[in-house]
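Okay, structure first, notes after.
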Amino acid sequence: MNNTKTRTIPVRMVVYAILTVVLLYGGYHLFLNYQHGIFEKQVRDYLISQRGYKETDIASITAINSVGGDYGISVVVEFNDEPGTKYHYLRNNGLVDQLNEITVEKRKHVEAPQTPD
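The numbering of the sequence shown is numbering that gives the first Met the number 0, which starts it at 0 and goes up by one.
Rendered as structure tokens:
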């Protein structure tokens, strides 16, 4: 006879582990969605109050996951007078700034980099 004991993981521990992973994953995505909304609003406010655009000048503002910026999120802006041309904005330490992209085409809404006050 073989007297070796085999230990099995209780079902309750497996369920708790799975629930923990699901809650962490879901919480992370809820946090990112919340941050996307905040960043979109901040970029819209920046364009209107600091750059002088009107709400009607802006065709779309969409936050996306990216590398860099606060929480790894950038915001893509498309203007009505340049359909199909996308401008990317980041927020670094609370300061909204347009990414300087290298392009051969002439673009209307290119900004000079900001410096913190």
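Think of the CB as a built atom: it goes at the ideal place given N, C-alpha and C, for glycine as much as any other residue.
- Every beta strand (DSSP E) stretch that sits fully inside the stretch 24-64 and reaches 3 residues is listed by chain position as 57-64.
- Close CB contacts of V76 within its chain, under the 6 Å cut and outside five residues either way in sequence, are with I60, Y86 (chain order).
- If you check the CB distance, G71 and N91 do not come in under 8 Å.
- With respect to Q41, V109 sits apart: the two C-beta atoms are not nearer than 8 Å.
- Distance between I17 and D80, taken at the CA atoms: about 50 Å.
- For D96, DSSP records a beta bridge to L89.
- Assigned with DSSP and collapsed to three states, V74 falls in strand.
- Straight-line measurement puts the Cα of R43 at about 10 Å from the Cα of Q49.
- Within 10 angstroms of the beta-carbon of E54 lie fewer than 16 other beta-carbons, which makes it exposed.
- A straight line joining the alpha-carbon of A58 with that of V20 spans about 38 Å.
- When secondary structure is reduced to three states using DSSP, V13 falls in the helix class.
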